[in-house]
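Residue numbers (this note's numbering): 53 to 328.
We put the CB at the ideal spot given by N, CA and C, even for glycine.
Quantities reported herein were computed from a predicted structural model and do not represent experimental measurements.
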């Protein structure tokens, strides 16, 4: 089990045994980016109308502009098409003026994406790094299996937000649905509004902060005490995206794993019944 040592940092945890922590060396800087990354100039901007194009044609157009050196791209009228902006392993400023369908902006590693409308199911699935900001609502499985970066929805999201989350930060400006944080493994989630039933069900690690009412906690999710360091971190994150906690950051509650399922396979059948 992990042991905590107060080092005055949000990353004070020291893990023993098997670990997912990776340590980088400054002399290996060339390995920090994808070998498929394209050299773009953020100062060069372009825009195009996605209305008459298919989803595949829109994605190909984005790639084409990146290869031409454009680092700031705006897509007009995306038309809620599915699977837009996926697989971008690159530094890029990308704006969708409108709404996206299912699986938008998944498998991203590096871009800063802004969506002025809504998004459907599984937005930012397997996100690795960068930022994605949605101005309106988002569907279910928001940020599924994400590993890094900041994923922000300024309004309400559906159920199973952050399912199987492995890192990064999810910020929800409104409400989230049932089973949010289900099987969460790492990372942090900030919910400024209400949370549905079974919040944090079967979470292994990570932290969920909630500013509104929690309809019910899931298996092995427990209340924990929030530190001043955490409050300062939450406030800085909210300031970055122009968000505010309705009742103040100091009144938010912290949910974490009770760690009763860490050795679940070693429990006897009668003990499993007590846990469940």
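To the nearest angstrom, how far is it from the Cα of residue i to the Cα of residue j?
i           : j           : result
residue 313 : residue 273 : 10 Å
residue 258 : residue 238 : 4 Å
residue 177 : residue 280 : 31 Å
residue 166 : residue 231 : 26 Å
residue 110 : residue 209 : 26 Å
residue 100 : residue 240 : 35 Å
residue 120 : residue 146 : 15 Å
residue 157 : residue 135 : 7 Å
residue 287 : residue 300 : 9 Å
residue 297 : residue 90  : 38 Å
residue 278 : residue 308 : 10 Å
residue 294 : residue 302 : 18 Å
residue 292 : residue 224 : 13 Å
residue 211 : residue 191 : 8 Å
residue 106 : residue 179 : 23 Å
residue 284 : residue 122 : 36 Å
residue 117 : residue 249 : 44 Å
residue 256 : residue 164 : 29 Å
residue 95  : residue 104 : 27 Å
residue 311 : residue 197 : 20 Å
Can you check which of these residues, the options, is closest to residue i by C-alpha distance?
i           : options               : result
residue 214 : 206, 130, 236 and 127 : 236
residue 125 : 153, 113 and 133      : 113
residue 12  : 118, 102, 117 and 155 : Residue 12 is absent from the structure shown; the chain starts at 53 and stops at 328.
residue 226 : 282, 136, 207 and 161 : 207
residue 174 : 246, 187 and 216      : 216
residue 108 : 172, 203 and 139      : 139
residue 187 : 254, 197, 307 and 170 : 170
residue 98  : 105, 189, 144 and 87  : 144
residue 234 : 260, 92 and 245       : 260
residue 141 : 128, 172 and 92       : 92
residue 88  : 254, 115, 310 and 94  : 115
residue 128 : 151, 203, 270 and 283 : 151
residue 149 : 159, 137 and 155      : 137
residue 159 : 193, 181 and 245      : 181
residue 199 : 219, 185, 205 and 193 : 219
residue 185 : 104, 168 and 94       : 168
residue 245 : 95, 155, 282 and 305  : 305
Am I right that residue i and residue j are in contact with their C-beta atoms under 8 Å? What's the rounded C-beta distance?
i           : j           : result
residue 195 : residue 183 : Actually they are not in contact, since the Cβ atoms of residue 195 and residue 183 sit about 12 Å apart, beyond 8 Å.
residue 243 : residue 228 : 5 Å
residue 133 : residue 162 : Rounded, the Cβ-Cβ distance is 22 Å, inconsistent with contact.
residue 290 : residue 266 : So it is not a contact: roughly 19 Å between Cβ atoms.
residue 247 : residue 262 : 5 Å
residue 254 : residue 270 : 6 Å
Does DSSP put residue i in a helix, in a strand, or in coil?
i           : result
residue 126 : strand
residue 308 : strand
residue 147 : strand
residue 99  : strand
residue 115 : helix
residue 206 : coil
residue 292 : helix
residue 161 : strand
residue 196 : coil
residue 232 : coil
residue 140 : coil
residue 314 : coil
residue 107 : helix
residue 215 : coil
residue 174 : coil
residue 286 : helix
residue 227 : coil
residue 301 : helix
residue 281 : helix
residue 121 : coil
residue 258 : coil
residue 168 : coil
residue 201 : coil
residue 92  : coil
residue 244 : coil
Is any beta-carbon of chain C found at less than 9 Å from that of residue i?
i           : result
residue 249 : The structure shown contains no chain C; it is built from a single protein chain.
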